[in-house]
Amino acid sequence: MEWGDKQKAPRSLVSGGAGFVGSHLVDKLLAQGHIVTAIDNLSTGRKENLTEAKKRGPAFRFIEGDITCPADLPRESFDFIWHLASPASPPDYRDLSLETMAVNSEGTRHLLNLALQEKATFLLASTSEVYGDPLVHPQEETYWGHVNPIGERACYDESKRFAEALTMEYRRRFGLDCRIVRIFNTYGPRMRYNDGRVVSNFITQALQKDPLTVYGDGKQSRSFQYIDDLIEGLCSTMYSSYCKPINLGNPEEYTILELAREILSLTGSKSKLVFKPLPADDPKQRKPVIDRAKKVLQWKPTVPLQLGLQRTIEAFRNYNPLQPK
Ligand code: NAD
Ligand code: UDP
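Per UniProt numbering, numbering of the sequence shown is gapless, rising by one per residue and ending at 325.
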């Protein structure tokens with residue numbers, strides 16, 4: 001949706017706006033004519049991700065702040081609140097386990113209150129991790145999941161499940177206008193080269209001629225979505241009127257070994273594979289059913305893995321890995 005000069009520009013708040021997904025969303029919203037405020041505590045995000053946004057002058061404002069602290073929240077009115085703040089990579093949310101639980105519980109509640117107060121539409125960035133290590137394959141939104149509530153991933157999985165429950169309760173109790181998206185593995189430029197996720201690890205290792213670290217036997221699967229497809233899906237969801245969870249992901253499924261081979265071929269790297277222990281509770285398989293998104297949003301991913309990886313590899317080649325995060 002584009003807003004012309006004659007209409008009042010919509011006002012958006014993006015939590016986690018300096019992160020990988022958040023910064024791409026900020027750029028998209030500015031291009032659509034929104035006035036955007038991004039709030040981020042820079043725990044896993046980077047100010048450099050907002051270089052383009054900062055060129056937009058008064059249409060963009062950055063707040064370095066923590067959404068778990070009400071005093072840090074902006075005192076402005078918003079039409080749309082996009083809640084993306086949360087560590088998302090397994091090593092990040094292990095290192096920041098309590099912070100992850102806080103941002104997805106208290107942080108979510110503060111933004112829900114702001115949305116109610118400002119009569120804004122609220123979008124929660126949830127995750128395919130709410131399905132845990134799924135016993136049903138592929139995963140539809142109606143599947144309730146298979147999550148270890150006391151395991152090493154629980155700080156993320158359970159706090160995202162809580163954030164979904166809280167959001168739906170605000171809808172039931174107060175009539176909040178809400179959206180919930182369950183995002184499947186997404187990759188692209190601006191991922192931190194050292195964020196520990198499989199795509200960033202493999203590309204960095206291939207470019208540095210280091211061995212690619214395959215966890216377990218590499219036969220576990222994931223479905224990888226390119227960032228531009230996700231951003232289209234987030235916007236389509238927000239501008240729809242659908243309030244139940246929607247899967248956003250690319251249903252093309254690959255084993256981790258297949259991903260490693262693809263990255264070796266695209267980088268021309270001669271790196272070997274080295275096998276490392278599988279992290280605890282690592283899901284064996286993951287693939288979204290996207291019929292709901294197709295029907296409700298007329299959305300489907302368009303960027304195949306090879307093309308998305310080429311663009312990501314190019315971005316990683318141009319990024320100096322010695323730069324601090
Ligand atoms: P990211 O780590 O790059 O971005 C998250 C941002 O949130 C960071 O900039 C971080 O500094 C910020 N943040 C964390 N805690 C905060 C707090 N208390 N206050 C303010 N800012 C805070 O991760 P991402 O990949 O961009 O993920 C964005 C969102 O999408 C997350 O909510 C994540 O759970 C969800 N998601 C992402 C993926 C994926 O594959 N990238 C998959 C599923 C869900
Ligand atoms: N993985 C891997 N090598 C790495 C990083 C991850 O084999 O260097 C595996 C990981 O065990 C998991 C898959 O790749 O099975 C996806 O991991 P990622 O951390 O990217 O996302 P998530 O586990 O959240 O899907």
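We put the beta carbon where it would ideally sit given N, CA and C, even for glycine.
As the structure is a prediction and not an experimental result, all values here were calculated from the model.
Distance from the CA of THR167 to the CA of SER271, rounded to the nearest whole angstrom, comes to 45 Å. Taking the C-beta atoms as reference points, PRO211 is found no nearer than 8 Å to VAL130.
Rounded to whole angstroms, the separation of the alpha carbons of ALA18 and LYS47 is 6 Å. The way I'd put it, the segment 170 to 185 doesn't touch the segment 300 to 313; fewer than three beta-carbon pairs between them come closer than 8 Å. DSSP lists TYR254 as the bridge partner or partners of ARG222.
Here DSSP, grouped into helix, strand and coil, assigns VAL14 to strand. Around the beta carbon of ASN194, a 10 Å sphere encloses fewer than 16 other beta carbons of the protein chains shown; the residue is thus reported as exposed.
Beta-bridge partners assigned by DSSP to VAL214: PHE275. The continuous stretches of alpha helix (DSSP H) do not include PHE60, which lies in the beta strand (DSSP E) extending over residues 60 to 64. In the DSSP assignment, VAL181 falls within the unbroken beta strand (DSSP E) covering 178 to 183. When C-alpha distances from ALA125 are compared across TYR254, SER15 and LYS287, the shortest belongs to SER15. If you look at ASP291, you'll find it in the alpha helix (DSSP H) that goes 291 to 297. Not one heavy atom of the ligand UDP is found less than 7 Å from the C-beta of GLN285.
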